[in-house]
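Remarks on the structure that follows.
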Amino acid sequence: QAVVTQEPSLTVSPGGTVTLTCGSSTGDVTGRHFPYWFQQKPGQAPRILIFDTSDKHESTPARFSGSLIGGKAALTLSGAQPEDEAAYYCLLSFGGTVNFGGGTKLTVL
Amino acid sequence: DVQLVESGGGLIQPGGSLRLSCEASGFTFESYTMNWVRQAPGKGLEWISYISSGSYNIYYADSVRGRFTISRDNAKKSLYLQMDRLRVEDTALYYCASGLGLSIRDAFDIWGQGTMVTVSS
């Protein structure tokens, strides 16, 4: 079973830019893994930010973007806001199953 | 309002059984595919099961296959998860999620708030 890897934690300054990445133990992440990104704040259910690598959900702020970088899926936050402090999870598809990454705890400080 | 509400969680002894429910409102439930996702205390998300809109396609994660059974009743706008032979490691907050589309990844658009399952002696 594929293991999906994310940075355990990252810190960004208010107004700054940060990139979170999502890798796979099976090799390079490509568009055929249909990467998704979710945001989860404490005590809340996850909400979808990005689907199919770079498509934004209708509620996703413009400062979030998705891409593929160096064989990994990437979520870039440009112009971080205090309300962006949360856990971020990627999801990759592997044929008839999906796996979440372990999550990245993002601190805005 | 579009809403999913889970219920049925609680404290159960190892080896026991529990049935979770997820009731939908505010959207055409019978057209939506559904997932169950769980989150152990302080841990990350784990996808555990998927069911298509007409129940024709069902998938499970290896960790629950053979012990958990997903089902749905479109007339009642409800999703279910029958959990048997429960283990301590099944302790988690269980979310239902839904979306339009044909694949597992399509069913993460709408989320409930979760129901807690604690497996302990």
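Taken in order, these protein sequences are the chains called A and B. Oh and the first sequence: position 95 is 95 in our numbering, straight run, nothing missing. Take any residue in the second sequence, count from 1 to its spot, add 1000: that is its number in our numbering. Beta carbons: idealized from backbone N, C-alpha and C, even for Gly.
For GLY1112 (chain B), the nearest CB of chain A lies under 9 Å from its own CB, placing it at the interface with that chain. When the five nearest sequence neighbours on each side are left out, the beta carbons in the same chain lying within less than 6 Å of the beta carbon of TYR36 (chain A) are those of PHE51 and LEU91, in order along the chain. Per DSSP, the unbroken beta strand (DSSP E) holding SER67 (chain A) starts and ends at 64-69. Closest option to ALA1092 (chain B), judged by alpha-carbon separation, among B:GLY1015, B:SER1031 and B:PRO1041: B:PRO1041. The DSSP-derived three-state label of LYS56 (chain A) is strand. With respect to the 9 Å criterion, LYS41 (chain A) and ALA86 (chain A) are classified as neighbours on the basis of their beta carbons. Leaving aside the five residues that flank LYS105 (chain A) on each side, the residues in its chain whose CB is nearer than 6 Å to its CB run, in chain order, SER9 and ALA87. For TYR36 (chain A), the enclosing beta strand (DSSP E) covers residues 36-40. The Cβ atoms of LEU75 (chain A) and THR19 (chain A) sit closer than 9 Å to each other.
For a cut-off of 8 Å, the C-beta gap from PRO1014 (chain B) to LEU1086 (chain B) is around 6 Å, short enough to register as a contact. Nearest CB-CB separation between GLY96 (chain A) and chain B: below the 9 Å threshold. Residue pairing for LYS72 (chain A): DSSP places it in a beta bridge opposite A:ILE69.
Counted as a single uninterrupted DSSP element, the beta strand (DSSP E) harbouring GLU1046 (chain B) occupies residues 1045-1051. Scanning B:TYR1032, B:ARG1072 and B:GLU1006 for the CA closest to the CA of GLN1113 (chain B) turns up B:GLU1006. Identification of residues in the region 1030-1057 of chain B having a C-beta nearer than 7 Å to some C-beta of chain A yields GLY1044, LEU1045, GLU1046 and TRP1047, given in sequence order. Within its own chain, no residue has a Cβ closer than 7 Å to the Cβ of LYS1043 (chain B) once the five positions on either side in sequence are excluded. PRO46 (chain A) belongs to the set of residues whose beta carbon lies under 9 Å from a beta carbon in chain B. It is roughly 6 Å from the alpha-carbon of LYS72 (chain A) to the alpha-carbon of ASP28 (chain A). For THR26 (chain A), no beta strand (DSSP E) run applies, since DSSP gives it neither H nor E. Residues are counted here when their Cβ sits less than 7 Å from a Cβ of chain A; for the region 1067-1099 of chain B these are TYR1095, given in chain order. Around GLY1026 (chain B), the same chain offers ASP1001, VAL1002 and GLN1003 as residues with beta carbons nearer than 8 Å, after the five sequence neighbours per side are excluded. For ASP1062 (chain B), the chain A residues whose Cβ falls inside 7 Å of its Cβ are GLN1, in order along the chain.
VAL1119 (chain B) places its beta carbon less than 9 Å from that of VAL1088 (chain B).
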